[in-house]
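First up is the structure itself, then whatever we jot down about it.
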Amino acid sequence: MPEEESAVAGAIESRRREFSVGRACARSALAKLGFPPCAIPSGPDRAPVWPAGVVGSITHCAGFCAAAVALQEDYVALGIDAEVDEELPSGVLELISVDEEREWLANAPRRLNWGRLLFSAKESIFKAWFPLTREWLEFEDAVITFIPDGTFVARLPNTLMPTRNCAWELRGRFSIANGLVLTAVFIAG
Numbered sequence: 001m002p003e004e005e006s007a008v009a010g011a012i013e014s015r016r017r018e019f020s021v022g023r024a025c026a027r028s029a030l031a032k033l034g035f036p037p038c039a040i041p042s043g044p045d046r047a048p049v050w051p052a053g054v055v056g057s058i059t060h061c062a063g064f065c066a067a068a069v070a071l072q073e074d075y076v077a078l079g080i081d082a083e084v085d086e087e088l089p090s091g092v093l094e095l096i097s098v099d100e101e102r103e104w105l106a107n108a109p110r111r112l113n114w115g116r117l118l119f120s121a122k123e124s125i126f127k128a129w130f131p132l133t134r135e136w137l138e139f140e141d142a143v144i145t146f147i148p149d150g151t152f153v154a155r156l157p158n159t160l161m162p163t164r165n166c167a168w169e170l171r172g173r174f175s176i177a178n179g180l181v182l183t184a185v186f187i188a189g
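First residue of the sequence shown: 1, per my numbering; consecutive thereafter.
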């Protein structure tokens with residue numbers, strides 16, 4: 001839509017396509033909540049600007065785009081992320097993790113790309129966190145614990161918590177299927 005164009009005006013074609021498909025997914029999700037088709041422009045921080053009363057998140061990676069939306073009366077925030085299920089590039093794990101996480105990952109079952117899952121979980125947390133607080137969350141600010149049932153918990157320093165009555169732990173879900181790592185975090189209203 002024209003109101004969205006400025007966000008990708010100078011981008012390469014593949015980025016423009018991902019952006020367009022992501023916004024189409026978001027409009028489809030909004031339609032399921034009863035919203036008419038509308039523009040979803042990017043704010044100055046590049047985050048989607050949702051219609052009043054809506055929270056949401058958009059994600060994309062090679063060959064996959066998705067969006068999730070909810071009414072703000074039901075959820076304070078949500079974040080989703082999708083990554084290709086492959087090992088992280090060399091050196092990235094050290095940049096996105098803390099000692100506690102690296103120790104756990106060193107002893108984790110080898111059947112999953114745990115580093116990629118950790119990266120995706122932290123991306124989902126940021127996507128839920130930033131619209132709520134308008135504060136940057138660094139990778140080391142969220143310490144993730146994975147639970148075998150497909151969930152995870154993120155501990156956040158209570159000095160970072162927003163003024164709303166939010167817990168200092170965020171809970172999320174993960175799935176690894178069809179060559180993708182998928183994570184989602186939500187904060188109920």
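C-beta: ideal position from N, C-alpha, C; glycine also.
Same chain, Cβ closer than 6 angstroms to T163, neighbours up to 5 away in sequence not counted | The predicted model places T163 with a pLDDT of 48, which falls under 50 and marks its position as unreliable, so this point remains unresolved.
Sort out for me which residues DSSP pairs P109 with in a bridge.
-> For P109, DSSP assigns no beta-bridge partner whatsoever.
Cβ contact check for the segment 76-88 and the segment 176-187: 3 or more pairs under 8 angstroms = The segment 76-88, when compared against the segment 176-187, does touch it at the 8 angstroms Cβ threshold.
8 angstroms Cβ cutoff met for L93 and G115 | It is a contact, given that the beta carbons lie within the stated cut-off.
Consult DSSP for S97 and reduce its assignment to one of helix, strand or coil.
-> Annotated three-state conformation of S97 is coil, per DSSP.
According to DSSP, is C65 helix, strand or coil?
-> DSSP, read as helix, strand or coil, puts C65 in strand.
Mind checking who S57 pairs with in its DSSP beta bridge?
-> Per DSSP, A68.
Can you name, in chain order, every residue of its own chain whose Cβ lies under 8 angstroms from the Cβ of L105, other than the five neighbours on each side?
-> Within the same chain, L105 has close Cβ partners L93, S97, W114, G115, L118.
Nearest-angstrom Cα separation, counted from R171 out to R16 = If you draw a straight line from the Cα of R16 to the Cα of R171, it comes to about 32 angstroms.
Using the Cα positions of L137 and P36, report the straight-line distance between them to the nearest angstrom.
-> Distance between the alpha carbons of L137 and P36 is about 33 angstroms.
Those residues which DSSP pairs with R171 across a bridge | Residue pairing by DSSP places R171 opposite V153 in a beta bridge.
Going along the chain, which residues of its own chain have a beta-carbon closer than 8 angstroms to the beta-carbon of L180, five neighbours each way excluded?
-> Apart from the 5 residues on each side of it in sequence, L180 sits with its Cβ closer than 8 angstroms to the Cβ of C61, F64, A82, E83, V84, D85 in its chain, given in chain order.
What number of angstroms, rounded off, separates the C-alpha of V153 from the C-alpha of I144?
-> Between V153 and I144, the C-alpha separation is close to 6 angstroms.
Alpha carbon of I40 to alpha carbon of L182, nearest angstrom | Roughly 23 angstroms separates the two Cα atoms.
DSSP three-state call for G22: helix, strand or coil?
-> If DSSP states are grouped into helix, strand and coil, G22 belongs with the helices.
Is V55 closer than 8 angstroms to L30 when the C-beta atoms are compared?
-> Cβ distance not < 8 angstroms, so L30 and V55 don't count as in contact.
Assign T151 to buried or exposed, taking buried as 16 or more other Cβ atoms, counted over all protein chains shown, within 10 Å of its Cβ.
-> Under this definition T151 is an exposed residue.
Is the Cβ-Cβ distance between L88 and I176 less than 8 angstroms?
-> Taking 8 angstroms as the Cβ cut-off, L88 and I176 do not qualify as a contacting pair.
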